[in-house]
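Reading through the structure tokens given below for one structure.
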Amino acid sequence: MLGNACCGFGSPCCDPGTPVDGEMSFVDSARMLHIGTVVMGAADVRRAATFWAAALDYVPRDGALNDDFVVLVPHRGHGPGVAIDSSESPVQQHPRVHLDLYAADAQDQEAEVARLVSLGATRVDWDLYPADPDFVVLADTEGNRFCVIDTSHGG
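Written out as structure tokens, the structure is:
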């Protein structure tokens with residue numbers, strides 16, 4: 001979950017040094033590090049890579065899907081890569097790290113959840129939902145948990 005919708009894909013603060021409301025953005029051109037790639041484990045790398053490529057409109061960096069490791073990059077624009085690495089580690093019920101995908105409002109969130117489910121994601125019966133959640137927990141084709149956030153929720 002997130003508290004601030006700033007720095008969603010395409011927002012001004014995703015560009016180095018872009019002023020946001022008169023202040024420097026989260027990404028400062030003087031900073032040395034930035035997130036380049038988020039790596040997820042999967043028993044079936046091709047299946048997971050196919051799901052995430054369709055979910056995020058990403059493409060394989062090297063132009064092909066492999067069986068052991070694939071790096072996906074945005075089809076258009078900039079953003080961190082998503083890598084799928086071969087792994088036999090079990091899925092965590094309450095993962096320590098997960099992706100939050102941003103939707104503009106509740107209607108977009110509902111549409112995106114339906115689209116992701118049609119691509120192979122499943123809804124997770126999450127036992128930690130608050131009373132009025134701004135997020136929906138899903139699992140990808142490998143069981144990796146992620147959230148779709150309604151950024152207009154205001155919570």
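Start counting the sequence shown at 1; every next residue gets the next number (the UniProt record's numbering).
C-beta atoms are modelled at their ideal positions from N, C-alpha and C, and glycine is treated no differently.
As the structure is a computational prediction, the values presented were derived from the model and not from experiment.
Rounded C-alpha distance that separates residue i from residue j
i, j, result
"Y129", "A121", "19 angstroms"
"N144", "H98", "8 angstroms"
"Q92", "A139", "11 angstroms"
"P133", "A64", "38 angstroms"
"R61", "E142", "21 angstroms"
"D150", "V137", "12 angstroms"
"G77", "V124", "31 angstroms"
"D85", "A43", "8 angstroms"
"E23", "A131", "Confidence is the limiting factor: at E23 the pLDDT is only 47, short of 50, which leaves the residue's position unreliable, though a coordinate-based value still follows. Cα to Cα, E23 sits roughly 34 angstroms from A131."
"D100", "D57", "16 angstroms"
"A103", "R115", "12 angstroms"
"G154", "V148", "15 angstroms"
"S89", "N66", "19 angstroms"
"D68", "F51", "15 angstroms"
"V113", "R31", "35 angstroms"
"Q109", "V38", "22 angstroms"
Collapsed DSSP secondary structure at residue i in the structure displayed
i, result
"E23", "Summary for E23: the model assigns pLDDT 47, below 50, so the residue's position carries little reliability, and this model does not support an answer."
"G41", "strand"
"V148", "strand"
"P60", "strand"
"R96", "coil"
"R123", "strand"
Under 8 angstroms between C-beta atoms of residue i and residue j
i, j, result
"V70", "A83", "yes"
"G41", "P80", "no"
"A106", "S152", "yes"
"V59", "H34", "no"
N- and C-terminal bounds of the alpha helix (DSSP H) containing residue i
i, result
"V113", "A106 to L119"
"L56", "V45 to L56"
heavy atom of the ligand ZN below 7 angstroms from residue i C-beta
i, result
"V38", "The ligand ZN is not part of the structure shown, which contains no ligands of any sort."
Opening and closing residue of the beta strand (DSSP E) in which residue i lies
i, result
"A139", "F135 to A139"
"S86", "G81 to S86"
"Y102", "L99 to A103"
"V70", "F69 to P74"
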